[in-house]
Amino acid sequence: MTSTPESNPRQDQNERSEEPARSLNFIEQIIEDDAKSGRFGNRVHTRFPPEPNGYLHVGHAKAIILSYGIAKQYGGLFNLRFDDTNPSKEDVEYVESIKEDVKWLGADWQDRLFFASDYFEQMYEYAVQLIKKGKAYVCDLTAEQIRETRGTATVPGTPSPYRDRSVEENLDLFKRMRDGEFPDGSKTLRAKIDMASPNFNLRDPVMYRILHTPHHRQGTKWSIYPMYDWAHGLEDSIEGITHSICTLEFEHHRPLYDWFLNELGVYHPQQIEFARLNLTYTVMSKRKLLELVKNNYVDGWDDPRMPTICGLRRRGFTPESLRIFCKTIGVAKFNSTIEATVLENAVREDLNKKALRRMAVLDPIKLVIDNYPEGQTEKLVAVNNPENEADGVREVSFSKTLYIEREDFMEDAPKKYYRLSPGREVRLRYAYYVTCKSCVKDADGNVVEVHCEYDPETRGGQSADGRRVQGTIHWVDTQTAIDAEVRLYDRLFNVPNPDDPDNLGDYKDYLNPESLKVVKGAKLEAALADASLDDRFQFERIGYFTLDKTATKDAPVFNRTVSLRDSWSKVAKK
RNA sequence: UGGGGUAUAGCGUAAAGGCAGCGCAGCUGGCUCUGAACCAGUUAGUCGGGGUUCGAAUCCCUGUACCCCAGCCA
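Quick note: the first sequence uses numbering that gives the first Met the number 0, first residue 0, plus one each step.
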C-alpha cells in the first residue's frame, strides 16, 4: 500500500478524535479481535488456576491482577479454580492461604470457586471417549522405560509395545486402574499421538497415573489421577473460559490441549501466554523460597522480606500498590527483569496518598530548650496528611525536653547541612524555631544532649517577621512518647540477580546481612498508641510504616514498608 | 546441534509501512513547615548484515543472542 503522509488514514483518525489512540497490550488486542469476530459471542471469561501446593508470590499477583483485570475491563467473569490433580503434593492449608491472598488482592471470583477434582468424573468419561476413538491406550511401561523410549531432540521416540491394544482391552484395563486393581506406577493411560513429533509433549503423553494417595477433597475415591496436560485444558473448557492466560513455559503444551479438545469435539478456549515476572534483589522460585523458610533464613512465609503476597502484606504493601506495580510493568512475551525500585516506587505512590503522617524518632538524643519554662506543656496542631485534607489534624504535646534524631545534629556541619548545629536555627515541625547553643557529650565523646533556645514568637512553626529557616526536623515530646520496636527492612539480597549462574557459589551466599535492622528504643508520638494492623503511616522524614502482627498494646512493633526517597544521601556523598 | 518463543534508552513498555513515544531510574532547576510529595527541563534507544519501498522498529532474506521443552510435577 502506498499513501502520502497527508492521506494516512490512521493519522486522519487521530486528528478527528479528541483522545489519542488507546494503546493495547498484546492480550487486550487478542480479546478485542475476538470480540470483533464474535468468536466467543462477546463473552470474556478468565481464571486463575493455582495448584494448592505453596504460597503465592508477587509473580502470581501479576497473573491474578492481569486475569482479573482483563475480565473486569471487558465486563466479563473471573473464576478461582484450584488445579488439585496431584494429591501427593497438595494440601488444604494452601487452599485457604491462596483464597485469602487472591481476595486481598481484590480479585473477586463471586460464587465461582472451583476445584479441578470436582471434574474428575467427567474427565474420566472423556478419557473413555478417547479410548473408544482409538486415541488413548493403557501402557504397562515403567516411568523409566517411558523416559528411555521418548527419544531425544534429534531422534524420534519408539512406540510402546502396548500402543496397539484393542479398544476393549484398553477399556477393561482403564476401568480396573480406576478400581484400584494395580499398584502405583504399574500402568498409565497414554494419548496415542505421534512418537516422532518434534514437540515432546505430543510423544504419547501420559494422561493418567495410578496413585493410591488420598486426595484432600476426594478422600480415597480415586486410585488414578489426571496429569496436568490432560486436565488443564478440560477444566478451562468445562468452565467456559474464553481466554486462558498463563505463563510462557506452557506455550508448547498448547498444541496438546488443542489436540485433546479437538479430538473430544468440546468447547475450546484460547490460551494466551505471557512472560513471568522477574524482580531484582530477590528470588522467586518455590523451591528457593521454601529453602529460605525451612532453614530459617527468614521468619516464615510471611516474613516482610519475602516476595510472597503474605510477606508483602505484612511489610505494609497495599493491594492498590500491587495494582499500580502491575500497571507500570505492563505485560508482554519478552522475558524481562523488573528493577526492585519499581515495586518500591509503586508502594510509595499509593502510601503517599493514603498514609497518616506521624512523628517518630528512631535513634533518639535529647533536645533541651533552655529558655522554655520548666514544667510547661502545650498542645500543637499537626496535619495528618497534606495529600488529603479530609484526614484532618491532631494535637501533639510539646515540652522543654524532646527527643530528636541523632543524625539531625552535627557539631561540625558542612554548609549544605540544613539541620541542627551550634549557632544554626531550624524549625521543629509544627512547633517552634530553635537555635542550637551547645551539646553535651558522654565520656566516649558521643553527643547525648543538644541545647537550644526557642523563639516564642514562632509558635506553630511560622515567624511573624517572615524570616526563613532552611531545615525542619521532627521530634517527639519526652513527656508523652511511647517506646516501640521498629524493624527496618531492606532488600533480601545484595546483588541484583542472586540466581545468576555466573555468580560464585550459591544464591544464599548473596543474602543481605542488613536486610533487617531491629531498632529497640524508638520513641513514637502518643497518637501511634492507637495503631491497628490495617493502618498505614508515614513517619515523617523517614519512611512508611505499619504495625506488625506480633505487636501488643504494651510492646508495639512497627515494620518499615519502604523508606522515603532520600536526596540528602546523594548530596552527603559528594 | 530438533522444536517452540523473544529481541526498541540503564530497566520496563508503546508505535498495526509515515515525526521512535511513555513510565521508572539518572541528571538540572523550581517550590516546600517532610532534604518527602509536587512542578518544569534534560541525557539516552530500534540485536547485526542484506533486500523491498518515496519511506521500515514494522514486510522479505540471512545471521546472532537469550528463554523454554525429553516428570507417571504444575
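Glycine residues also receive a C-beta, built at the ideal position from the N, C-alpha and C atoms.
_Three-pair Cβ contact test at 8 Å for the region 280-300 versus the region 225-242_ = Fewer than three Cβ pairs drawn from the region 280-300 and the region 225-242 lie within less than 8 Å of each other, which leaves the two stretches out of contact.
*Round the Cβ separation of Arg-535 and Ile-472 to the nearest angstrom and send it over; I've been treating them as touching at under 8 Å.*
The Cβ separation is near 23 Å, so there is no contact.
*Helix, strand or coil at Ala-571 according to DSSP, with G and I counted as helix*: Ala-571: helix per DSSP, three-state reduction.
*Note the first and the last residue of the continuous beta strand (DSSP E) segment covering Ser-22.*
Per DSSP, Ser-22 belongs to no beta strand (DSSP E) and is neither H nor E.
*Roughly how far, in whole angstroms, is the beta-carbon of Ile-26 from the beta-carbon of Ile-69, given that I think they are within contact range, below 8 Å?*
Correct: roughly 6 Å between the Cβ atoms.
*Per DSSP, what kind of secondary structure is Ala-530 in: helix, strand or coil?*
The answer is coil: DSSP assigns Ala-530 none of H, G, I, E or B.
_I need the straight-line Cα distance from Met-206 to Leu-546, nearest angstrom please._
Their backbone Cα atoms lie some 49 Å apart in a straight line.
*Would you mind stating whether Ile-323 and Ala-345 have Cβ atoms separated by less than 8 Å?*
Yes. Within cutoff.
*Measuring CA to CA, which of Ser-196, Trp-221, Leu-201 and His-215 is closest to Arg-581?*
This structure leaves residue 581 out entirely; the chain is present only between 0 and 573.
*Could you tell me whether the Cβ atoms of Ile-481 and Leu-523 are closer together than 8 Å?*
Their beta carbons are under 8 Å apart, which means Ile-481 touches Leu-523 by this criterion.
*Taking 7 Å as the cut-off, does the CB of Asp-203 come closer than this to any heavy atom belonging to the ligand FMN?*
The model depicted lacks the ligand FMN and carries no ligand whatsoever.
*From which residue to which residue does the beta strand (DSSP E) around Ile-271 run?*
269-273 is the span of the beta strand (DSSP E), which, as asked, contains Ile-271.
*Which class does Pro-583 belong to by DSSP, given the choice of helix, strand or coil?*
The chain is shown from 0 up to 573; residue 583 falls before or after that span and cannot be answered.
*Distance between Pro-555 and Ala-528 (C-alpha atoms, nearest Å)*: So the alpha carbons of these two residues sit roughly 8 Å apart.
*Taking the alpha carbon of Val-360 as the point to measure from, which residue in Pro-160, Thr-477 and Asn-169 has its own alpha carbon closest?*
Considering only alpha carbons, the answer is Thr-477.
*Could you give the DSSP three-state label for Met-305: helix, strand or coil?*
Secondary structure of Met-305 (DSSP, three-state): coil.
_Nearest candidate by alpha-carbon position, reference Ala-483, set Gln-144, Ala-530, Tyr-161 and Glu-373_ = With distances taken between Cα atoms, Ala-483 lies closest to Ala-530.
*For Leu-276, I'd like the list of residues in its chain whose CB is within less than 6 Å of its CB, leaving aside the five on either flank, ordered along the chain.*
Beyond the five residues adjoining it in sequence on each side, Leu-276 comes within less than 6 Å, by CB distance, of Gly-58 and Lys-61 in the same chain, given in chain order.
_Out of Val-485, Pro-495 and Ser-568, which one is the CA nearest neighbour of Thr-560?_
With distances taken between CA atoms, Thr-560 lies nearest to Val-485 out of Val-485, Pro-495 and Ser-568.
*Identify whether Trp-221 lies in helix, strand or coil by the three-state DSSP scheme.*
The answer is coil: DSSP assigns Trp-221 none of H, G, I, E or B.
*Please classify His-211: is it buried, with 16 or more other beta-carbons within 10 angstroms of its beta-carbon, or exposed?*
Note on His-211: under 16 other CB atoms within 10 angstroms of its CB, so exposed under the neighbour-count rule.
*Short check: CB of Pro-318 to CB of Tyr-488, under 8 Å?*
No, the Cβ-Cβ distance between Pro-318 and Tyr-488 is not below 8 Å.
*Among the residues of its own chain, which have a CB less than 7 Å from the CB of Asp-390, if the five just before and after it don't count?*
Its chain contains Leu-355, Asn-383 and Asn-384 as the residues whose beta carbon lies nearer than 7 Å to that of Asp-390, once the 5 sequence neighbours on both sides are disregarded; these appear in chain order.
_DSSP beta-bridge partners of Asn-78_ = Answer by DSSP bridge pairing, in chain order: Arg-46.
*Cβ-Cβ distance between Leu-188 and Pro-254 below 8 Å*: Contact flag unset, no.
*asked:* In the DSSP assignment, the beta strand (DSSP E) including Leu-379 goes from what residue to what residue?
replied: Residues 376-382.
*Which residues in the same chain as Ala-115 place their Cβ atom closer than 6 Å to its Cβ, once the five residues preceding and following it in sequence are excluded?*
Residues of the same chain with a CB within less than 6 Å of the CB of Ala-115, apart from the 5 flanking positions on each side, are Asp-82, Asp-83, Thr-84, Ala-230 and Glu-234 in chain order.
*Alpha carbon to alpha carbon, how far is Ser-22 from Asn-198? Give it in angstroms, no decimals.*
The alpha-carbon of Asn-198 is positioned some 35 Å away from that of Ser-22.
_For Thr-279 and Leu-104, what's the separation of their Cα atoms in angstroms?_
Between the C-alpha atoms of Thr-279 and Leu-104 there is a straight-line separation of about 22 Å.
_Straight-line gap, Thr-148 to Lys-134 (C-alpha atoms, nearest Å)_ = Their Cα atoms are separated by approximately 19 Å.
*Using 10 angstroms around the beta-carbon of Leu-289, count the other beta-carbons present and answer buried if the total reaches 16, otherwise exposed.*
That one is exposed.
*Pick from Lys-378, Ser-398 and Met-358 that is closest to Asn-370, judged by C-alpha positions*: The shortest C-alpha to C-alpha distance from Asn-370 to any of Lys-378, Ser-398 and Met-358 is the one to Ser-398.
_Please state whether the Cβ-Cβ distance between Met-176 and Ile-223 is less than 8 Å._
Against a cut-off of 8 Å, the Cβ pair of Ile-223 and Met-176 comes out as a contact.
*Express the C-alpha separation of Glu-250 and Asp-32 in angstroms, rounding to a whole number.*
The straight-line gap separating the alpha-carbon atoms of Asp-32 and Glu-250 is approximately 20 Å.
*Helix, strand or coil for Gly-58, going by three-state DSSP, please let me know.*
Reduced to three states, the DSSP call for Gly-58 is helix.
_Which residues DSSP lists as bridging Gly-542, in chain order_ = According to DSSP, which records beta bridges pairwise, Gly-542 is partnered with Phe-538 and Ser-562.
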